[in-house]
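See below for the structure under consideration.
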Ligand code: AMP
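Residue numbers (the UniProt record's numbering): 1 to 400.
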């Protein structure tokens, strides 16, 4: 079965086309600057030359039509007929409290995605536009929505409620939802498979450390707590997001700096984290390079690492133990320096790392802890698109 995976943003989209017989990507690509007369379509058919075109693409339906043109293109195509696509999996950021699993899209599901627009105002509207665009270009082909929040719906109330007047939860659904669920689910299942143990026997702390970052406590396969909250701003220090801070800072800064709510929101989401502290931007590679000589970069790194370590400690406490710690995503998979800094301060857990193996770069799952270590420490490359494709296949089969 061929499955098209779509991740639609407000002015861009990314796609991968899978052949699920052996789970291989047969084409991938992206469209950037949707809405402009110089939009950029990059199409990468596996085993063929990449295509890059700059053209007017004013809305998502046109963008998808263009992508489909290239999927069946005589030279750069990978399909003879677009109807070979048997299902489409959509990344949807917020499923609110409605969705605890992926779901076949129908009118009710679309209404529910709309119902939580205000919880993810930048993402959910774009995700729904993507669904509707595919419906119009590929009528009759099943669409499956895969939610970033769904995996975390198993959290107990004591973990997802905020200690503010309870009426706000009732009225506005203010609670912790968590994100990166597709990634945490994928890497925890991969880790269990790698260790040859049922996930139902494992306590896992999963560290998704990318430009956005979150840590999840996964107790016997279920998310029981996660560091991102009602929005992705809470939790760890990130590339440009602050993560946790005293909420009283917000009105204080607004008063002192004469800022509006929107401006403070933008400060916390776009100008904080590594960017705000280092002055060198949000890319961990730059921070690592500069921190040897630059105090700001060193402080940014130390704060970033310290906050990750505190969350690991908190989640070990939440689960009363840990069997596996996973590092994944751009920074987690690639920065041996960060993994070293974190793990050499976790000796109280009986963790021992093989620093030689830690330095090895690989696209494969690998154990970086020694055989003496009391906790397995693994680097697991994440693959959210594959997880979406797998979920799409599962949901389509179960609806037949
Ligand atoms: P993601 O959001 O998962 O795509 O992660 C993107 C981030 O990964 C980038 O902003 C970089 O900070 C980080 N990254 C990528 N490669 C490396 C590397 N070799 N060392 C450290 N950080 C890296």
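C-beta atoms are modelled at their ideal positions from N, C-alpha and C, and glycine is treated no differently.
- Here residue 2 is buried, its C-beta having at least 16 other C-beta atoms within 10 Å.
- Here the C-alpha atom of residue 360 lies approximately 22 Å from the C-alpha atom of residue 205.
- Under the DSSP definition of a beta bridge, residue 219 partners with 203, 222.
- Spatial neighbours of residue 171 in its own chain (CB-CB distance under 8 Å, excluding positions within 5 residues in sequence) are not present.
- Of the residues assessed, residue 121 falls on the exposed side of the cut-off, its CB having fewer than 16 other CB atoms within 10 angstroms.
- Closer than 7 Å to some heavy atom of the ligand AMP: that does not describe the Cβ of residue 238.
- Here residue 179 carries a coil assignment [DSSP, helix/strand/coil].
- In the three-state reduction of the DSSP assignment, residue 149 falls in the coil class, being assigned neither a helical nor a strand state.
- Pairing residue 297 with residue 340, the inter-Cα distance amounts to about 17 Å.
- Distance from the CA of residue 156 to the CA of residue 131, rounded to the nearest whole angstrom, comes to 31 Å.
- Within the model, the alpha-carbon separation for residue 192 versus residue 199 is close to 5 Å.
- Between residue 46 and residue 64, the alpha-carbon positions lie close to 19 Å from each other.
- Closest option to residue 391, judged by alpha-carbon separation, among 143, 154, 80, 194: 143.
- Counting of Cβ neighbours within 10 angstroms places residue 111 among the exposed residues, the total staying below 16.
- When secondary structure is reduced to three states using DSSP, residue 25 falls in the strand class.
- In this structure, residue 20 lies near residue 389, with their beta-carbon atoms less than 8 Å apart.
- Taking a cut-off of 5 Å from the heavy atoms of the ligand AMP, the residues with a C-beta inside it are 210, 211, 283, 284, 285, 329, 330, 331, 334, 335.
- Rounded to the nearest whole angstrom, the C-alpha separation of residue 382 and residue 118 is 28 Å.
- The continuous stretches of beta strand (DSSP E) do not include residue 294, and DSSP gives it neither H nor E.
- Proximity of the stretch 324–335 to the stretch 180–188 meets the contact definition, three or more beta-carbon pairs being nearer than 8 Å.
- Within the stretch 311–375, complete alpha helix (DSSP H) segments of at least 4 residues are found at 329–334, 336–343, 355–359, given in chain order.
- Per DSSP, the unbroken beta strand (DSSP E) holding residue 89 starts and ends at 85–92.
- Pairing residue 272 with residue 242 gives a Cβ-Cβ distance under 8 Å.
- Out of 195, 95, 125, the CA that lies nearest to the CA of residue 371 is found in 195.
- In the three-state reduction of the DSSP assignment, residue 383 falls in the coil class, being assigned neither a helical nor a strand state.
- Proximity of the stretch 348–357 to the stretch 227–244 falls short of the contact definition, fewer than three beta-carbon pairs being nearer than 8 Å.
- Of the residues assessed, residue 55 falls on the exposed side of the cut-off, its CB having fewer than 16 other CB atoms within 10 angstroms.
- If you ignore the 5 residues before and after residue 38, its C-beta comes within less than 7 Å of the C-beta of 54, all in its own chain and listed in chain order.
- 8 Å or more divides the Cβ of residue 43 from the Cβ of residue 11.
- Beta-carbon to beta-carbon, residue 181 and residue 148 are separated by about 5 Å, close enough to satisfy the 8 Å threshold.
- Cβ neighbours of residue 136 within its own chain (closer than 8 Å, five residues either side excluded): 61.
- DSSP, reduced to helix, strand and coil, places residue 262 within a helical segment of the structure shown.
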